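2 protein chains.
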Amino acid sequence: MAGTRLDPIDRKILAELQADGRMTNVELAKRVGISAPPCLRRVRTLEESGYIRGYHADVDSRELGFEVQVFAMVGLNSQAEADLSAFEELCRCWSLVRECHMLNGEVDFILKCVAPDLSTFQSFLTEDLLKAENVASVKTSLVIRDAKDEPGVPFDVLEERISRNA
Amino acid sequence: MAGTRLDPIDRKILAELQADGRMTNVELAKRVGISAPPCLRRVRTLEESGYIRGYHADVDSRELGFEVQVFAMVGLNSQAEADLSAFEELCRCWSLVRECHMLNGEVDFILKCVAPDLSTFQSFLTEDLLKAENVASVKTSLVIRDAKDEPGVPFDVLEERISRNA
DNA sequence: TGATTTTTGAAATATTATTGCGCAATCTCC
DNA sequence: GGAGATTGCGCAATAATATTTCAAAAATCA
């Protein structure tokens, strides 16, 4: 079912649910122009086929006391697959690390981290990250402020691209 | 209402909704150990007070054809507030830019971008980003793979921290 | 074109969300 | 310490939504 192409209604559903993941199925159906039952079936299919990975409340971490956000560029000593995987597994265990992406180029990984305060981050940095097996170098940058933070799919680009190729 | 401290039930609600934003209120109430009506009232309060910014479906962008993910480190010529703001406003307009964070240190901004393919990204890079007013330098890194991608609050850290300070 | 497969939507049913309200616990201020 | 005010709970009733069922419409294909 993976290769199934999506029709315009499916894409509209994805766009709407990306914008508001708690929209009722009735409202969603109205917006995409079909009745509720087929709309719900489409949503289920999109979930089962992996187009929708899940739904998440967007919780304000600063309000909860996580005032510090940091990007860490990490270089490793060995880039053997086993060593890369080992580092990734470590990242999955560290709660303060919210994202871990492997990169091309000089740096091997970029991590997005959060912490309640600088000292908490510093102790994570010196006690965990820098002491971790195979870590050669870490460069960190504090986030001053967020101008845009909308992970997800740019559906306007997708639609434009589809209509061009149609 | 901003400074209102949250009780353990509120935090549990946030944690549950962060993990599954479409959970029914009945299920949520069951999990946090209160009945449905007060649970719903708490959720509404959390939404209105800004602890919950919204809900979003997590859509698989690769499945939709966005195969390329890139981090771009941007340096500007001028760091005057007006110039910083102007660049941020540009980023908000660019659909391919999903995140824009201002950093301390040598680099001024880090952008997370997506694109259907490399050539699309390249043309964005050369036609838009590099030609933009005040942009001095851009260094890009392609994402090879994601080891972890869980934006949000590490509630385990939060709870540990609260119990320690209790 | 006609048979086959898919998808739809009206209607019925099951669940869930929401409101109203009285009760109990906690606070507050004498 | 205690009366009144405040807060938060949960039961019960109602409104709305989700989900199933099924016959008809639409799309697909030989």
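Protein sequences, first through last, are from chains A and B. Residues in the first sequence are numbered consecutively from 1, following UniProt numbering. Residues in the second sequence are numbered consecutively from 1, following UniProt numbering. Beta carbons are placed, not taken as given, at the ideal position from N, Cα and C, and that holds for glycine. Since we're looking at a predicted model, the values are computed, not measured.
Query	Result
For a contact meaning CB atoms closer than 8 Å, what does A:Glu88 contact in chain B?	Ala147 and Lys148
At the level of alpha carbons, what is the spacing between B:Val114 and B:Ser35?	43 Å
What is the residue span of the alpha helix (DSSP H) that B:Ala19 lies within?	Pro8 to Ala19
Would DSSP call B:Gln69 helix, strand or coil?	strand
May I ask you to report which of helix, strand or coil DSSP gives B:Thr140?	strand
Within 10 Å of its beta-carbon, does A:Cys100 have 16 or more other beta-carbons around it, so buried, or fewer, so exposed?	buried
Can you look up B:Asp149 in the DSSP assignment and give me helix, strand or coil?	strand
Consult DSSP for B:Ala115 and reduce its assignment to one of helix, strand or coil.	strand
Going by the beta-carbon positions, is the gap between A:Val97 and B:Lys148 smaller than 9 Å?	yes
With a floor of 4 residues, list each alpha helix (DSSP H) that falls wholly inside the stretch 60-106 of chain B, ordered by position along the chain.	81-93
With 9 Å as the threshold, decide whether the Cβ of B:Ala82 is near any Cβ in chain A.	no
Using 8 Å as the Cβ pair cut-off and three pairs as the minimum, do the stretch 84-92 of chain B and the stretch 37-50 of chain B touch?	no
Report back the beta-carbon spacing between B:Val70 and B:Thr120 to the nearest angstrom; my notes put them in contact at under 8 Å.	The pair is not a contact, with the Cβ atoms about 11 Å apart (cut-off 8 Å).
Tell me the DSSP secondary structure of B:Gly50 in three-state form.	coil
Only counting the same chain, and skipping five residues up and downstream in sequence, which positions put a Cβ closer than 8 Å to that of residue 168 of chain A?	For residue 168 of chain A there is no data in the structure shown, the boundaries of chain A being 1 and 166.
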